[in-house]
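One structure is given here, and the rest of the page talks about it.
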Amino acid sequence: IDGFATRIRRGEGGLISAWIGIPDPLFVNHLAQEDFDAIVLDMQHGVWDIGTAAVGIGQGRLAGKPVLARIPVGDFPSASRLLDVGASGIIAPMINSASDAEALAKATKYPPLGERSWGPTLALNHTGLTANEYLMSANEQTVAIAMIETRAALDAADEIMRVEGIDGIFIGPSDLSIALSDGAKVAPDTAEVDGVLKHLIARCRAHGKFACVFGSNGERAGQLLRMGFDFVIAGADTQQLRSGAASAIAAARRV
Ligand code: 3PY
Ligand code: MG
């Protein structure tokens, strides 16, 4: 529908996305001027609601950028609504079992694969497709991405990846590090986490799924691309805003 699903599926690699939690569509407008391959609106820990997300998705479309949304945990009805307003993909957190993954696939794919209900009004406006063209292409041209970030999900990773309608996997290294340490620490960038990330990339390859991950900054994002991820986040909006501000203050004080 916007080419994003094709790009990520064919494994061209090197895709870098913005990650926005501040619920202002103008943030999308500004970050869309940079050379990101996609933009993610975070509705789990960020503070978007469906109305502002719909306008944010429109701002991304205006700038020619695909916009994905991360839904709150278990909020599968919102997954359908976000696709209806033009999201190019859905990232669902805390997918811990095949049945969680099936619920995601049902909400995001039209029959016979899933049970997505009809009503993509803004998606039709954005894509310029007829109703039938959209119906025929949406399952392929939008992506459903399951987050693996708990011990249960690690144990069930193969079953989750086997679910038809799940296009890719997104790993949350922060929650994963909390799980691996039994709640003792949040440490997303350690050798222990890296070992699990490498294992999950290999499982994704075996199942023909693409692999995505959160990187807490640009340098980490580069390391994760090198590791073999198809799609990485290069830090969140709040962190980029603050580190830009901090470096401006430091520069001013150095003169
Ligand atoms: C995690 O690291 O747990 C995420 O969900 C990505 O921010
Ligand atoms: Mg998480």
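UniProt numbering numbers the first residue of the sequence shown as 7 and each following residue consecutively. All C-beta atoms in this analysis are idealised placements derived from N, C-alpha and C, irrespective of residue type, glycine included. These numbers come from a predicted model, not from an experiment.
Rounded to whole angstroms, what is the Cα-Cα separation between residue i and residue j?
i, j, result
"GLU170", "LEU135", "25 Å"
"ASP188", "ARG157", "10 Å"
"GLY19", "ARG259", "40 Å"
"ILE56", "LEU206", "31 Å"
"LEU21", "PRO78", "24 Å"
"ALA163", "ILE63", "30 Å"
"ALA98", "MET153", "6 Å"
"ARG232", "ALA240", "13 Å"
"SER103", "ALA159", "6 Å"
"GLU165", "LEU32", "39 Å"
"ALA208", "ALA256", "42 Å"
"ASP106", "ALA254", "44 Å"
"CYS218", "GLY95", "12 Å"
"ASN223", "GLN229", "10 Å"
"ASP43", "VAL261", "36 Å"
"ALA144", "LEU182", "31 Å"
"GLU225", "ALA137", "43 Å"
"LEU203", "GLY234", "10 Å"
"ASP41", "SER123", "34 Å"
"LEU89", "ASP8", "13 Å"
"PHE237", "ILE14", "8 Å"
"LYS191", "GLY125", "43 Å"
DSSP three-state label for residue i, please.
i, result
"MET233", "helix"
"ALA217", "strand"
"GLY57", "helix"
"ALA240", "strand"
"GLY95", "strand"
"LEU225", "Here residue 225 is Glu; the residue named in the question, Leu, does not match the sequence. The answer is helix: DSSP assigns GLU225 an H, G or I state."
"SER249", "helix"
"ARG16", "coil"
"LYS71", "coil"
"GLY66", "helix"
"GLY120", "coil"
"THR196", "coil"
"ASP181", "helix"
"PHE42", "coil"
"GLY201", "helix"
"LYS112", "helix"
"ALA190", "coil"
On the DSSP bridge assignment, give the partners of residue i in chain order.
i, result
"PHE176", "MET153, CYS218"
"ASP48", "ARG76"
"LEU21", "PHE237"
"ILE255", "ILE255 is not bridged to any residue."
"ILE26", "LEU47"
What is the residue span of the alpha helix (DSSP H) that residue i lies within?
i, result
"LEU141", "137 to 147"
"ILE166", "163 to 168"
"VAL34", "31 to 37"
"ASP90", "82 to 90"
"SER103", "It is not in any alpha helix (DSSP H) - SER103 carries neither H nor E in the DSSP assignment."
"ALA129", "127 to 133"
Under the assumption that residue i contacts residue j (Cβ atoms under 8 Å), give the Cβ distance between them as a whole number of angstroms.
i, j, result
"GLY178", "GLU155", "3 Å"
"ILE101", "VAL73", "Not really, about 21 Å apart at Cβ, beyond 8 Å."
"ALA85", "LEU110", "7 Å"
"LEU128", "GLY92", "5 Å"
"GLN50", "ALA69", "That belief does not hold up - the Cβ atoms of GLN50 and ALA69 are roughly 24 Å apart, past 8 Å."
"LYS215", "MET167", "5 Å"
"GLY27", "GLY52", "3 Å"
"ALA113", "PHE82", "4 Å"
"ILE184", "ILE151", "The pair is not a contact, with the Cβ atoms about 21 Å apart (cut-off 8 Å)."
Under 8 Å, Cβ to Cβ, is there at least one residue of chain D near residue i?
i, result
"LEU47", "Within the model displayed, chain D is absent; a lone protein chain is all it includes."
Is residue i near ligand 4, going by C-beta to nearest heavy atom under 7 Å?
i, result
"PHE237", "In the structure shown, ligand 4 is absent; the only ligands present are ligand 1 and ligand 2."
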